[in-house]
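Input: a single structure, listed below in structure tokens.
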Amino acid sequence: MYSAATTRPQLVHLTEQLNDLKQRGTYFKLRILEDEQGSVCTYDGKRVINLASNNYLGLCDHPKLREAAIAATEKYGVGSGAVRTIAGTMRIHMELEEKIAAFKGVEACVVFQSGFTANAGTVSSILGKEDFILSDELNHASIIDGARLSRAKIKVFRHKDVAHAEELLKEIQNEPGRKLLITDGVFSMDGDIGPVDKLCDLADKYGAIMMVDDAHASGVLGRNGRGSVDHFHCTQRVDVQVGTLSKAIGALGGYVCGSRDLIDYLYHRARPFLFSTSHPPSVAATCIAAFDLLESEPERIERLWNNTRYFKQQLTEAGFDVGGRTTPASETPITPILIGDGRKTMEFSKALFDAGVMATGIAFPTVPEGKARIRTIMTSEHTRKQIDQALDTLTTVARKMSILNV
Numbered sequence: 036m037y038s039a040a041t042t043r044p045q046l047v048h049l050t051e052q053l054n055d056l057k058q059r060g061t062y063f064k065l066r067i068l069e070d071e072q073g074s075v076c077t078y079d080g081k082r083v084i085n086l087a088s089n090n091y092l093g094l095c096d097h098p099k100l101r102e103a104a105i106a107a108t109e110k111y112g113v114g115s116g117a118v119r120t121i122a123g124t125m126r127i128h129m130e131l132e133e134k135i136a137a138f139k140g141v142e143a144c145v146v147f148q149s150g151f152t153a154n155a156g157t158v159s160s161i162l163g164k165e166d167f168i169l170s171d172e173l174n175h176a177s178i179i180d181g182a183r184l185s186r187a188k189i190k191v192f193r194h195k196d197v198a199h200a201e202e203l204l205k206e207i208q209n210e211p212g213r214k215l216l217i218t219d220g221v222f223s224m225d226g227d228i229g230p231v232d233k234l235c236d237l238a239d240k241y242g243a244i245m246m247v248d249d250a251h252a253s254g255v256l257g258r259n260g261r262g263s264v265d266h267f268h269c270t271q272r273v274d275v276q277v278g279t280l281s282k283a284i285g286a287l288g289g290y291v292c293g294s295r296d297l298i299d300y301l302y303h304r305a306r307p308f309l310f311s312t313s314h315p316p317s318v319a320a321t322c323i324a325a326f327d328l329l330e331s332e333p334e335r336i337e338r339l340w341n342n343t344r345y346f347k348q349q350l351t352e353a354g355f356d357v358g359g360r361t362t363p364a365s366e367t368p369i370t371p372i373l374i375g376d377g378r379k380t381m382e383f384s385k386a387l388f389d390a391g392v393m394a395t396g397i398a399f400p401t402v403p404e405g406k407a408r409i410r411t412i413m414t415s416e417h418t419r420k421q422i423d424q425a426l427d428t429l430t431t432v433a434r435k436m437s438i439l440n441v
């Protein structure tokens, strides 16, 4: 038997790479949440103001979602027992898909186990090696992985550069094969909004399939949180809408919306759908309740945006770089605080935590070298007192570390 400290030579390269991360100062340990996900919660035994969660609308612990989960568990048990195509499709799964399709204003929807698998499984299944993918350079990793799995030819256009995207489309317009144009609705690291309407114009002009990943726009943009596609009035012009159930919806999973034929095709060909056990009934019920809340409690989204505007304004006035200088300007509750150096960013994050604020540092390879940042997210549930306290802590720690020189 090997001791816990023993490293087999077959995996020594992993240890070497971890040591490199430690030398760079970007190695991290997972922080452990010990109570509910909220605006203030306990990580690693310490009570902190939480600026790191994707829980935009505070639904992770909403009483109605709790009740729905408990009722579904009592009625259906804790698991589905199989993949959807064998014996694991429960009535509640179909109800959730019908609920999302109606909310999004499309014919049909399919739910995946995560937003990542929704993106990767869809892109890789609807295209082949004779096709082309035109992708924004800052699109999510799940889109990138799906593109690679599809074996299609990949063309990357400069971030939000519609003219460059058109140049690439012109280059391949006479090539055989389908063309897929894809963008994030909201970009997860910088918080800016994709030019969905202008890219739809290109897709119409060149006959390309239009796909939008609305993970960080769902519950945030559009009518009652219907997303960036609705925000730009492009519902009938986007062929593939991807969303998540893991952020504003407060639970777990991803989904794809579109035509009935698209969804039926994904039922037959999307590998994550075909080879993963379906959601526990409690999760499906929770998500149904969350979509009901988006319709009945729009004030949550109003509070989210009021908090976001105030927080951004105060950070800017304090002298923080919150984007718009060397990176895209944030337009959503995702507000990066640009530091640049990876080591200093991680040290800043740790110092903030010690001072009572949970604000996660993000460095290479998640973001480019030299663009490390603290990524903050406002929620509807942060109080003005909590926001002001967090701002005071951010400013005080930043000045001590010479991150702010004002």
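Whatever position you read off the sequence shown (first residue = 1), add 35 for this note's numbering. We put the beta carbon where it would ideally sit given N, CA and C, even for glycine. All values derive from a computational prediction rather than experimental measurement.
Within the stretch 394-431, the complete beta strand (DSSP E) segments of 3 residues or longer fall at 407-412, listed in chain order.
Here DSSP, grouped into helix, strand and coil, assigns Ala250 to coil. Straight through space, the alpha carbons of Asp296 and Met246 are spaced by roughly 15 Å. In the same chain as Tyr290, and ignoring 5 residues on each side of it, the C-beta atoms closer than 8 Å to its own belong to Glu132, Ile135, Cys144, Val145, Val146, Phe147, Ala153, Val277, Gly278, Thr279, Leu280, in chain order.
Annotation: the continuous beta strand (DSSP E) that includes Gln276 extends over 275-279. Val392 sits away from Ile105, with the two beta carbons spaced by 8 Å or more. In the DSSP assignment, Thr77 falls within the beta strand (DSSP E) that extends over 75-78.
Distance from the CA atom of Cys322 to the CA atom of Ala137, rounded to whole angstroms, is 14 Å. For Gly288, no beta strand (DSSP E) encloses it, and the DSSP letter there is neither H nor E. In this structure Ile127 is in contact with Ala320, their Cβ atoms being roughly 6 Å apart against a cut-off of 8 Å.
Classified as exposed, Met129 has fewer than 16 neighbouring CB atoms from the shown chains inside 10 Å of its CB. Here the stretch 333-347 does not lie against the stretch 393-407, with fewer than 3 beta-carbon pairs under 8 Å apart.
Contact annotation, Pro230 with Val273: C-beta distance approximately 13 Å; criterion of less than 8 Å not satisfied. The beta carbon of Arg66 is closer than 7 Å to those of Tyr78, Asp79 in its chain, skipping five residues each way along the sequence.
By the criterion of at least three beta-carbon pairs nearer than 8 Å, the stretch 252-265 is not in contact with the stretch 381-401. In the DSSP assignment, Leu216 falls outside any alpha helix (DSSP H) and lies within the beta strand (DSSP E) extending over 214-219. Under the criterion of beta carbons closer than 8 Å, Gly150 and Ala250 qualify as touching, at roughly 5 Å.
A direct Cα-Cα distance of roughly 10 Å separates Ser331 from Ala324. When the Cα atoms are used, Ala103 and Asp219 turn out to be separated by approximately 31 Å.
Sequence-distant partners of Thr270 (beyond 5 residues in either direction) whose C-beta falls short of 6 Å from its own C-beta, in its chain, are Gly140, Val264.
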